[in-house]
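In the working numbering, the protein residues as written are 47 to 252. Right, one structure below, let's go through it.
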Amino acid sequence: MAVQQKLPESFYTGPDVVSIAHSLIGKYFFSCFDGVLTGGMIVETEAYSGLNDAACHAHLGRRTKRTQIMYAQGGVAYVYLIYGIYSLFNIVTNVEGTADAVLIRAIEPTEGLEEMKLRRGLTKIEPRLTAGPGLVTQALGISTQHNGTSLSDSQIWLEDRGTQVPEEDIVSGPRVGVAYAGADALLPWRFSLKGSKWVSKANPKY
DNA sequence: ACGAGGATGTCA
DNA sequence: GACATCCTCGTA
């Protein structure tokens, strides 16, 4: 049997959210609801830091109903609604009291392809299945009701399946859609798998 | 290929 | 009013 293991809590409580976002490329992201397993390999992430990052919802220690969960200890889900339609899934990282998170922007689908097609209203396997942060959550059946869900439980979790991604195949650049963050919009905190057709087509806009 | 416009709910 | 987005429909 191949290496197949949930990421331990210590993976999420690390102090460097940028490094965690980088190391998540090649890990696996799954959901299982009513016995239906869906998910795949992570190919695109973005880091957000509560301390020094104007793009982060919890910038300057902002505590609101929405950002509250970001201050939890690493290893829980931060899911929020964007544009009234799409749920975006983040992994809370760092220790309790520090509001860091990694946005999962795209995966290469490997499990539950039929179910994900149904949820996305597609008839064939194509990038529109999971190549974008709002698409990944739709395909995996994740919505804002899963905000705060522990990644140590059986509904939503991440795995290391032993995939080795060569360092030179992980590329970084500015994050998408954070022009409001001024100079911080230029930070190269978006990571993706070079050459993957499952990376989102979105480009940063300034 | 590409761009414009719309959908839709919550946040600050 | 803005939003860590995506789809559809127009013009080329």
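Here a beta-carbon is modelled for each residue, glycine too, at the ideal position from N, C-alpha and C.
Taken in chain order, the complete beta strand (DSSP E) segments of 3 residues or longer contained in the stretch 128-215 are 132-139, 146-157 and 202-206.
Fewer than three Cβ pairs drawn from the stretch 171-178 and the stretch 106-126 lie within less than 8 Å of each other, which leaves the two stretches out of contact. By the neighbour-count criterion, in which a residue is buried when 16 or more other Cβ atoms sit within 10 angstroms of its Cβ, K243 is exposed. Between the stretch 108-122 and the stretch 71-83, the count of Cβ pairs shorter than 8 Å is below three; the stretches do not touch. Rounded to the nearest whole angstrom, the CA to CA distance from F57 to G180 is 25 Å. Between N193 and L53, the alpha-carbon positions lie close to 19 Å from each other. Short of 6 Å from the beta carbon of I131, and not among the five residues preceding or following it, lies no beta carbon of its own chain.
For S242, no alpha helix (DSSP H) segment is defined, and its DSSP state is neither H nor E.
For A93, the enclosing beta strand (DSSP E) has its first and last residue at V82 to Y94. Our two residues, V211 and T156, have alpha carbons roughly 17 Å apart in a direct line.
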